[in-house]
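Residue numbers (our numbering): 1 to 127. To keep things clear, I will list the structure first and then write my remarks on it.
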């Protein structure tokens, strides 16, 4: 898992169903800091720009209430603010990293009824 996620959202339609699933999965897994970036808002009429900003800021805040920050890149000032914000982020520790053990394994196999107390799990490649 990354410590900072920059989520780029297109203003002209937002995320498709697959994109929504991915964001929801990341939300459930946990992430240290989230930065939402609305792209392409300058191509929309002014009223739609404001509506798109409000909609995606609310969506981001609903999914990541404590750690999300939202930027709309339709002005140079916003781009500079985004870069300053990302540069200044201090990633927070994720609770699940400290509460649960995790392991990266190159190979693993499982043989049901393998006779061991662990139900047959071992580190060797099965065949």
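Just so you know, even glycine gets a beta-carbon here, dropped at the ideal spot from N, CA and C.
8 Å contact criterion, which residue i and residue j should meet: CB distance rounded
i          : j          : result
residue 81 : residue 71 : 6 Å
residue 44 : residue 12 : 7 Å
residue 89 : residue 56 : Contact flag wrong, Cβ pair sits at about 20 Å.
residue 38 : residue 53 : 6 Å
Residues near residue i in its chain [Cβ-Cβ closer than 7 Å; skip 5 each side]
i           : result
residue 74  : 41, 42, 49
residue 68  : 34, 36, 60, 61
residue 105 : none
residue 66  : none
Reduced DSSP category for residue i - H, G, I as helix; E, B as strand; rest coil
i           : result
residue 19  : helix
residue 11  : coil
residue 80  : helix
residue 31  : coil
residue 113 : coil
residue 88  : helix
residue 38  : strand
residue 4   : strand
residue 57  : helix
Beta-carbon spacing of residue i, residue j below 9 Å
i          : j          : result
residue 4  : residue 33 : yes
residue 31 : residue 86 : no
Burial state of residue i, where buried means 16 or more other Cβ atoms lie within 10 Å
i           : result
residue 22  : exposed
residue 36  : buried
residue 123 : The pLDDT assigned to residue 123 is 48, lower than 50, so where the model puts this residue is not dependable; a value taken from the coordinates is nonetheless given after this. Burial call: exposed.
Own chain, CB closer than 8 Å to residue i, minus 5 neighbours either side, in chain order
i           : result
residue 139 : Lying before the first or after the last residue shown, residue 139 is absent from the chain, which here runs from 1 to 127.
Nonlocal neighbours in the same chain, by C-beta distance under 6 Å from residue i, ignoring five residues either side
i          : result
residue 79 : 73
residue 27 : 63
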